[in-house]
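Peer 1:
In UniProt numbering, the protein residues as written are 1 to 559.
Written out as structure tokens, the structure reads:
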């Protein structure tokens, strides 16, 4: 998938397998290691626990266990738990050492030299060396899968001894360190020993078949089982080199195809520790009323945006877009975000989501100005009855977003703007947005960062070269914005770079390419035995897909 909003779609829909048929349900439950007794409803009495009692069970959607193919939240969660990286993302967008003890940058910003730890071993006991780093970079670039585009700027990589590696870039690229949070380091010897037929010459399939069912990592967990129809099982790697929580889960089971009603039933029995998959607000509210259950907040860097097609009438007019943005009822939207006293979003402050570089509390929250909206409409070239109706698109699988669409329609009616609602299944949605002509006036969706660097959101959203792709449904074509985005990749000083993106965000906002609705927080239900700091304290959240689900940082007390 490669896109955050599409990931949210999968989270909402599950993997598409049904639990309705009794025989398939029983087979599914047996596959989860569930005791023989099953209630009349077909719900298990008890999921088999880890021997030491530190079992973490969570609902999820299927991710690709190959870290160089994964592009979404489920794949990112596997990536962060099975593998290590030269650097790692931390709270507030920080980049901290991981496999790299230290690094230096050349004066021209084109060469990065990393000194590696010498005490890291893969799960099979082999030492991790610079040769594995070189192999990993070459693998993802050659395969051109997953997050490979993040490394297009890398001209070469070479080892200088067992524990030093040098990356050379074609030109200065300031997001490079953040990009390395997506370069999982794999065991080159293990992959070479497990090649199957494929298209990459001597490297055959580059171990893709093998990594679909096994891991070649050095991370805190190993891949014990991966069955996309049932579950994925991770087991703790006791020799992991970084700190583990005191009562870290010894086994993690991600359960697939669990419908919301079943989630509530097994959670009420204490047989589920965490609901990662998005659930309807009413289900979360009912879970919050259960003894032994609490609600947590998974804050990444996602934002709900209503993108305005700048190449299609009537949203091709700046004053008309201003009227739309000023006329929307933001306060009514925020009232829809409360779930049992826990917020599923916070008001956006412009195009930079909270937790990302450049976010500032000084940027005002957008408020409705109905008179200002009417005045802007009167200044537009579509004043009077000259405006065709606005078409509004969202993925029809999202019941919650339909509420936003209805609110948008009623808000615009008060401004004097006609709106036609046109939901579509996600597959059709994707086809509609490939040209400016077929893209509706308003497209509602979540967008977010793929690395801790704001470039990973701004470039694919606002650079002209990205037009016609998922993030860029507003069809912004602006040479000044392009130049500023390109300059942002060249600035190496963090302070200067932050200021640059704050100024750029203001320029983008002044074009009204979207309604920046709210920064999303995924509300999750948790067993009270589980302590997950990144899900319970917004200040400890890690601003990258899957970053809040690093299981080594969680504590699970014995049942």
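From the three backbone atoms N, C-alpha and C, an ideal C-beta is built for every residue, glycine too.
(1) Would you give the residue range spanned by the beta strand (DSSP E) that residue 517 belongs to?
(2) Can you tell me the Cα-Cα spacing of residue 267 and residue 322, whole angstroms?
(3) Using three-state DSSP, classify residue 500 as helix, strand or coil.
(4) Taking the alpha-carbon positions, what's the residue 38 to residue 261 distance?
(5) Which runs of the alpha helix (DSSP H) at least 4 residues long sit entirely within the region 460 to 508? Give them in chain order.
(6) Hey, is the region 537 to 546 in contact with the region 308 to 323, meaning 3+ C-beta pairs nearer than 8 Å?
(7) Provide the residue(s) that pair with residue 103 in DSSP beta bridges, ordered along the chain.
(8) Quick one: grab the DSSP three-state call for residue 271.
(9) Within the region 406 to 443, note down every full beta strand (DSSP E) run reaching 3 residues or more, in order along the chain.
(10) DSSP on residue 549, reduced to helix/strand/coil?
(11) Quick one: what's residue 305 bridged to in DSSP?
(12) Could you give the distance in angstroms between the alpha-carbon of residue 327 and the alpha-carbon of residue 304?
(13) Measure from the alpha carbon of residue 365 to the alpha carbon of each residue in 531, 127, 354, then state which is nearest.
(14) Below 8 Å on the Cβ atoms is my contact criterion, and I expect residue 491 with residue 352 to pass it. Report the Cβ-Cβ distance as a whole number of Å.
(15) Tell me which residues share the same chain as residue 495 and place their Cβ nearer than 6 Å to its Cβ, disregarding the 5 neighbours each side in the sequence.
(16) Run through DSSP, which three-state label would residue 325 get?
(17) Can you tell me whether residue 158 is helix, strand or coil according to DSSP?
(18) Would you report the Cα separation of residue 522 and residue 244, rounded to the nearest angstrom?
(19) Residues in the same chain with beta-carbon distance under 6 Å from residue 565, minus the five sequence neighbours each way, listed in chain order, please.
(20) May I ask which residues mark the beginning and end of the beta strand (DSSP E) holding residue 227?
(21) With respect to the beta strand (DSSP E) encompassing residue 347, which residues constitute its N-terminal and C-terminal limits?
(22) Can you find at least 3 beta carbon pairs, one from the region 130 to 142 and one from the region 436 to 455, that sit closer than 8 Å?
(23) Report yes if the C-beta distance between residue 216 and residue 122 is below 8 Å; otherwise report no.
(24) Mark residue 35 as exposed unless 16 or more other C-beta atoms lie within 10 angstroms of its C-beta, in which case mark it buried.
(25) Throw me the rounded Cβ distance for the residue 279 and residue 60 pair, which I believe falls under 8 Å.
(26) With DSSP run on the structure shown, which of helix, strand or coil describes residue 56?
(27) DSSP state of residue 182, grouped into three classes?
(28) Look at residue 294 and residue 554 and say whether their C-beta atoms are less than 8 Å apart.
(29) Using only the alpha-carbon positions, how far apart do residue 524 and residue 345 sit?
(30) Does the distance from the CB of residue 308 to the CB of residue 474 come in under 8 Å?
(31) If you compare alpha carbons, which of 127, 361, 84 is closest to residue 190?
(32) Start and end of the alpha helix (DSSP H) containing residue 89?
(33) Determine the closest residue to residue 91 out of 552, 542, 381, 546, with distance taken between C-alpha atoms.
Peer 2: Checking against the coordinates, here is how it stands:
(1) In the chain shown, residue 517 corresponds to position 517, counting from 1. Its beta strand (DSSP E) spans residues 514 to 527.
(2) The residue labelled residue 267 in the question sits at position 267 within the chain shown. The residue labelled residue 322 in the question sits at position 322 within the chain shown. Cα to Cα, residue 267 sits roughly 46 Å from residue 322.
(3) Taking the first residue of the chain shown as 1, we reach residue 500 at position 500. Of the three classes helix, strand and coil, the one that applies to residue 500 here is helix, per DSSP.
(4) Numbered from its first residue, the chain shown carries residue 38 at position 38. Numbered from its first residue, the chain shown carries residue 261 at position 261. Bear in mind that a pLDDT of 32 at residue 38, under 50, signals an unreliable position, so the model cannot answer this.
(5) 479 to 488
(6) no
(7) On the chain shown, residue 103 is found 103 positions in, with the first residue counted as 1. Partner(s): 114.
(8) Residue numbering aside, residue 271 sits at position 271 when the chain shown is read from its first letter. Coil.
(9) 419 to 421
(10) Position 549 of the chain shown, counted from the start, is the residue given in the question as residue 549. Shown here, residue 549 sits in a helix according to DSSP, grouped into three states.
(11) Residue mapping note: residue 305 aligns to position 305 of the chain shown, counting from 1. As a beta-bridge residue in DSSP terms, residue 305 pairs with 445, 516.
(12) Position 327 of the chain shown holds residue 327. Position 304 of the chain shown holds residue 304. Rounded to the nearest angstrom, the two C-alpha atoms are 17 Å apart.
(13) One-based indexing of the chain shown puts residue 365 at position 365. Each of 531, 127, 354 was checked against the Cα of residue 365, and the nearest Cα belongs to 354.
(14) Residue numbering aside, residue 491 sits at position 491 when the chain shown is read from its first letter. Residue numbering aside, residue 352 sits at position 352 when the chain shown is read from its first letter. Not confirmed; about 16 Å, so no contact.
(15) In the chain shown, residue 495 corresponds to position 495, counting from 1. Excluding positions up to five away in sequence, the list is empty.
(16) Taking the first residue of the chain shown as 1, we reach residue 325 at position 325. Helix, per DSSP.
(17) The count along the chain shown starts at 1 and reaches residue 158 at position 158. In the displayed model, residue 158 falls within a strand according to three-state DSSP.
(18) As a first step, residue 522 must be located in the chain shown, where it is residue number 522. As a first step, residue 244 must be located in the chain shown, where it is residue number 244. Those two C-alpha atoms are separated by around 25 Å.
(19) For the chain, the structure presents residues 1 to 559; residue 565 sits outside this window and is missing.
(20) In the chain shown, residue 227 corresponds to position 227, counting from 1. 221 to 227 is the extent of the beta strand (DSSP E) around residue 227.
(21) Reading the chain shown from its first residue, position 347 is the one you call residue 347. Start and end: 345 to 347.
(22) no
(23) Mapped onto the chain shown, residue 216 falls at position 216. Mapped onto the chain shown, residue 122 falls at position 122. Contact flag set, yes.
(24) By 1-based counting over the chain shown, the position of residue 35 is 35. Unreliable placement is indicated for residue 35, whose pLDDT of 33 sits below 50; the coordinate value is still reported in the next sentence. Under this definition residue 35 is an exposed residue.
(25) In the chain shown, counting from the first residue as 1, residue 279 sits at position 279. In the chain shown, counting from the first residue as 1, residue 60 sits at position 60. That pair is no contact at about 12 Å.
(26) Residue 56 sits at position 56 when you count from the first residue of the chain shown. Strand at residue 56.
(27) In the chain shown, residue 182 corresponds to position 182, counting from 1. Residue 182 falls in the helix class under three-state DSSP.
(28) Counting from 1 along the chain shown, the entry for residue 294 is found at position 294. Counting from 1 along the chain shown, the entry for residue 554 is found at position 554. No, Cβ-Cβ distance for residue 294 and residue 554 is not below 8 Å.
(29) For the purposes of this step, residue 524 is taken as residue 524 along the chain shown, with counting starting at 1. For the purposes of this step, residue 345 is taken as residue 345 along the chain shown, with counting starting at 1. Residue 524 and residue 345: Cα-Cα distance of roughly 13 Å.
(30) Numbered from its first residue, the chain shown carries residue 308 at position 308. Numbered from its first residue, the chain shown carries residue 474 at position 474. In this structure, residue 474 lies closer than 8 Å to residue 308 by Cβ.
(31) Here residue 190 is taken as the residue at index 190 of the chain shown, counted from 1. It is 127 whose Cα lies nearest to the Cα of residue 190.
(32) In the chain shown, counting from the first residue as 1, residue 89 sits at position 89. Taken as a continuous stretch (DSSP letters only), residue 89 belongs to no alpha helix (DSSP H), being part of the beta strand (DSSP E) at 87 to 89.
(33) Within the chain shown, the letter at position 91 stands for residue 91. Ranked by how close their Cα comes to the Cα of residue 91, the residues 552, 542, 381, 546 have 542 in first place.
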